[in-house]
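Number of protein chains: 2
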Amino acid sequence: MLKWIMRFTIVKKSKRSKARVGKIITEHGEVDTPAFLPIATQGAIKALLFKDLKELGAQITLCNTYHLYLRPGDRVIREAGGLHKFIAWERPILTDSGGFQVYSLSEFRKVTEEGVEFKSHIDGTRHFFTPAKVLEIQNNFGSDIMMPLDECVGFPCTHKEAEEAVRRTTLWAQTSKFHISNLHTGIHTQHPNSRLFGIVQGGTFPDLRKRSAEEIAEIGFPGYGIGGLSVGEPQEKMFAMLESISGILPENTPKHLLGVGYASDILGAVKYGMDTFDCVIPTRLARHGSYLTYEGKQSIRAARFEKDFTPIDPECDCYTCRNHSKAYIRHIFGAREIAAMQLLTIHNLRFFMRLMQKVRQEILEE
Amino acid sequence: MLKWIMRFTIVKKSKRSKARVGKIITEHGEVDTPAFLPIATQGAIKALLFKDLKELGAQITLCNTYHLYLRPGDRVIREAGGLHKFIAWERPILTDSGGFQVYSLSEFRKVTEEGVEFKSHIDGTRHFFTPAKVLEIQNNFGSDIMMPLDECVGFPCTHKEAEEAVRRTTLWAQTSKFHISNLHTGIHTQHPNSRLFGIVQGGTFPDLRKRSAEEIAEIGFPGYGIGGLSVGEPQEKMFAMLESISGILPENTPKHLLGVGYASDILGAVKYGMDTFDCVIPTRLARHGSYLTYEGKQSIRAARFEKDFTPIDPECDCYTCRNHSKAYIRHIFGAREIAAMQLLTIHNLRFFMRLMQKVRQEILEE
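These protein sequence lines are chains A and B, in that order. Going by our numbering, the first residue of the first sequence is number 3, and it counts up by one from there. Going by our numbering, the first residue of the second sequence is number 3, and it counts up by one from there.
Structure follows, in structure tokens:
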């Protein structure tokens with residue numbers, strides 16, 4: 003079988019910033035960038051079916067390696083014929099390295115040069131992630147874009163801690179690059195080499211970000227993830243970090259800003275050449291009764307909506323706004339109906355899809 | 003404006019039993035009977051959007067007067083332009099009388115000749131339902147089919163208790179019949195007279211069922227509800243009750259068996275001339291991880307489904323069965339994903355839609 007190579011094409015560069023409109027072409031389809039990736043952590047979008055996700059215009063989704071490895075396990079997924087078949091989403095899938103979840107979710111962890119040992123947040127069992135292991139897991143998934151094991155630090159943290167994490171992330175990136183070529187392509191026809199991104203760390207220290215970007219770019223990957231941001235630092239710090247690595251990572255590669263973010267984060271980051279984003283905000287806010295607008299988030303529970311029979315956003319073309327009023331959604335949210343979370347999730351994800359559409363449009367029309 | 007009259011047409015009578023295929027024609031559309039009514043208690047189907055309900059083939063839904071009266075209130079709904087507009091479901095809606103919920107949900111109740119006083123299960127406020135009041139509420143909703151206040155007894159109960167409930171139900175039916183003609187049609191163009199059904203009670207006593215049916219038929223309604231069954235009594239008792247009223251209610255009217263039931267209950271009741279049914283079973287089971295088959299319910303959580311990559315029912319044409327495997331649904335249900343409840347709800351409701359389709363088909367092909 004011919005092997006697919008993931009490609010990235012820049013369609014148009016902005017004259018005003020490093021922003022660009024591009025296209026990631028994978029075996030499972032194309033992704034117009036800048037793009038927002040809705041998150042299907044455990045293989046399902048929270049409170050949404052994949053048919054609705056398609057209707058929203060999503061071209062790609064992100065699944066979490068940590069969660070799917072623990073449950074149902076990558077072997078079950080491989081037996082199903084891969085993650086696309088298992089979850090019945092035939093479009094591209096990006097999986098993360100599991101690194102961030104190990105640091106943020108698992109009860110216990112011990113980091114060594116070889117990898118990270120942790121206890122499952124589900125049942126307390128012990129597991130060991132190595133660079134080779136997380137690649138094997140993601141290869142069993144058949145992910146279109148894979149991430150190598152990295153070490154993420156929180157905010158705030160010391161320079162020394164961040165430096166140690168950068169050193170280890172580079173070491174693991176080298177190991178990952180070595181392992182990737184030896185991976186059985188398995189269920190996938192896309193060449194593993196063209197599926198593994200590199201990850202830049204460095205906390206909020208410009209020198210470390212620069213060093214990490216140089217070291218990871220030196221190893222060389224078809225795309226890059228920028229990790230460890232949007233973890234509590236102020237927005238200007240995040241932009242300063244993107245500025246500090248600007249020009250180091252090869253221009254003709256897609257850049258994924260991991261776990262970011264709010265609309266304003268994304269609008270800013272696009273100008274530093276970031277191409278793709280993922281965040282739980284739109285789906286999480288929906289489940290808590292909030293909807294997104296260009297003026298920020300609003301709570302649907304507000305008493306003033308009791309008799310407001312207008313949609314959340316009359317300009318929005320989502321199913322929710324085309325059919326339902328704020329008064330109705332407020333009522334069923336207050337009555338704890340699951341349908342309220344579904345309706346708000348549809349709107350919030352469509353809000354991000356439309357936001358990215360607008361971003362692309364504006365660059366194209368410059 | 004010309005006033006609509008609800009009509010009922012018998013398309014074909016079975017030669018083997020009192021079963022028939024019919025059609026209820028309302029201002030908001032037609033309903034092929036025998037039919038199952040999915041329940042949108044508070045104005046939303048649990049874990050399902052109305053677009054999905056339409057895709058399942060549902061022609062009518064049932065909303066609960068008690069719940070919608072308490073929250074958001076019938077005045078809000080009237081201001082929205084009626085229940086169809088408020089919930090954005092343009093097909094027919096049947097609302098119940100609220101009687102059953104007052105007996106089963108509210109914290110306190112006091113029944114008098116005038117009506118029933120109760121305390122809200124939401125906030126403890128006191129309310130008083132009279133025959134006129136529940137008609138006014140349902141008229142504010144603009145329901146296509148309305149039910150008069152009735153008194154429902156549990157199982158078991160004494161002959162005396164059941165007799166008292168029958169007496170009061172008849173009294174209230176007379177009051178309701180008197181009030182209905184004076185109702186402002188309001189947002190509705192369908193004549194109120196043609197929208198109010200009568201309700202037969204009588205517990206599990208054949209003589210009381212017979213008496214109730216005679217008294218209610220004597221008052222005369224365009225359709226009839228049979229209440230107070232499937233409340234804990236054995237199935238044969240329920241069928242015996244249907245047998246005891248058989249031939250008393252006018253043949254050319256639709257009969258709704260309130261709150262029933264399991265597939266086998268429905269298959270049996272159709273043979274006694276019952277035309278429509280409603281029950282929370284398919285949606286409730288779904289939320290608890292069970293799916294329906296012709297062999298009964300099954301739990302999706304079963305360990306044997308871990309690597310079962312086949313659909314719940316390969317013969318089923320629902321979105322769930324066309325796209326997802328038992329292994330996937332088991333995984334996301336175990337991971338507490340809302341999508342699992344959505345997928346099982348779709349299957350279970352479609353199961354009932356297909357069951358009713360089959361029932362109609364079999365009568366038509368006799």
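Note that beta-carbon positions come from the ideal geometry of N, C-alpha and C, so glycine has one too. Here the structure is a predicted model, which means the values were calculated and not measured.
Return no unless some Cβ of chain B is closer than 7 Å to the Cβ of residue i.
i: A:F10; result: no
i: A:L51; result: yes
i: A:N325; result: yes
i: A:Y296; result: no
i: A:I7; result: no
i: A:V78; result: yes
i: A:A337; result: yes
The beta strand (DSSP E) spanning residue i covers which residue range?
i: A:G234; result: From DSSP, A:G234 is part of no beta strand (DSSP E); its letter is neither H nor E.
i: B:H129; result: R128 to F131
i: A:V33; result: G31 to T35
i: A:E119; result: V118 to K121
i: A:G225; result: Segment: none, A:G225 is in no beta strand (DSSP E) and carries neither H nor E.
i: B:T63; result: T63 to C65
Are any of the Cβ atoms in chain A nearer than 7 Å to that of residue i?
i: B:M3; result: Unreliable positioning characterises B:M3 in this predicted model, as indicated by a pLDDT of 47, which lies under 50. The coordinate reading is nonetheless provided below. Taking Cβ atoms only, chain A never reaches closer than 7 Å to B:M3, which makes this a no.
i: B:R93; result: no
i: B:E216; result: no
i: B:R73; result: yes
i: B:H123; result: no
i: B:Y330; result: yes
i: B:H333; result: yes
i: B:F1; result: In this structure chain B extends from 3 to 368, so residue 1 of chain B is not present and cannot be described.
i: B:F88; result: yes
i: B:E367; result: no
i: B:A1; result: In the structure as shown, chain B begins at 3 and stops at 368. Residue 1 of chain B is therefore absent and cannot be evaluated.
i: B:A60; result: no
i: B:E57; result: no
i: B:V118; result: no
Starting from residue i and walking both ways along the alpha helix (DSSP H), at which residues does that stretch end?
i: A:H181; result: H161 to I182
i: B:K360; result: I340 to L366
i: B:V104; result: G101 to S106
i: B:V78; result: D76 to E81
i: A:F52; result: F52 to E57
Starting from the Cα of residue i, find the closest Cα among the options and give me that residue.
i: B:H349; options: B:E367, B:E339, B:F335 and B:C323; result: B:C323
i: B:Q363; options: B:L294, B:L58, B:P36 and B:I27; result: B:P36
i: B:G229; options: B:D125, B:Y105, B:Y330 and B:D315; result: B:Y105
i: A:T206; options: A:L185, A:E253, A:P158 and A:E216; result: A:P158
i: B:Y264; options: B:A242, B:M276 and B:K299; result: B:K299
i: B:E109; options: B:E115, B:I124, B:L96 and B:S16; result: B:I124
i: B:A49; options: B:P284, B:L357, B:G336 and B:A337; result: B:P284
i: B:H193; options: B:E368, B:I27 and B:K17; result: B:I27
i: A:K239; options: A:K162, A:D267, A:E308 and A:G261; result: A:D267
i: A:N184; options: A:E138, A:T171 and A:I221; result: A:E138
i: B:E81; options: B:N142, B:V361, B:Q344 and B:I340; result: B:N142
i: B:G75; options: B:M149, B:Q140 and B:G126; result: B:Q140
i: B:L173; options: B:E115, B:E163, B:H129 and B:G225; result: B:E115
i: B:E317; options: B:S178, B:L294, B:Q176 and B:R111; result: B:L294
i: B:L357; options: B:F38, B:S327 and B:E29; result: B:F38
i: A:G336; options: B:I41, B:E32 and B:L70; result: B:L70
i: A:G261; options: A:G31, A:C65 and A:L251; result: A:C65
i: B:R303; options: B:Y330, B:C281 and B:T312; result: B:Y330
i: A:R289; options: B:P236, B:E339 and B:V78; result: B:E339
i: B:D34; options: B:D315, B:Y296, B:M276 and B:S292; result: B:M276
i: A:Y296; options: A:F307, A:M355 and A:G227; result: A:M355
With a floor of 4 residues, list each alpha helix (DSSP H) that falls wholly inside the segment 248-331 of chain B, ordered by position along the chain. 265-272, 283-289 and 321-325
For the segment 298-326 of chain A, enumerate the residues whose C-beta is nearer than 8 Å to any C-beta of chain B, in chain order. E308, K309, F311, Y321, N325 and H326
Mind checking the segment 262-295 of chain B against chain A and listing, in chain order, the residues whose C-beta falls within less than 7 Å of any C-beta there? Within the segment 262-295 of chain B, no residue qualifies.
Which residues, taken in chain order from the segment 98-110 of chain B, show a beta carbon closer than 8 Å to some beta carbon of chain A? none
Determine which residues of the segment 199-211 of chain B have a Cβ less than 8 Å from any Cβ of chain A, and write them out in chain order. none
Output, in sequence order along the chain, the residues in the segment 23-50 of chain A whose CB is closer than 8 Å to any CB in chain B. Under the 8 Å Cβ criterion, the segment 23-50 of chain A contributes Q44, G45, A46, I47, K48, A49 and L50.
According to a CB-to-CB cut-off of less than 8 Å, which residues of the segment 340-355 of chain B neighbour chain A? Result list: I340, A341, A342, M343, Q344 and L345.
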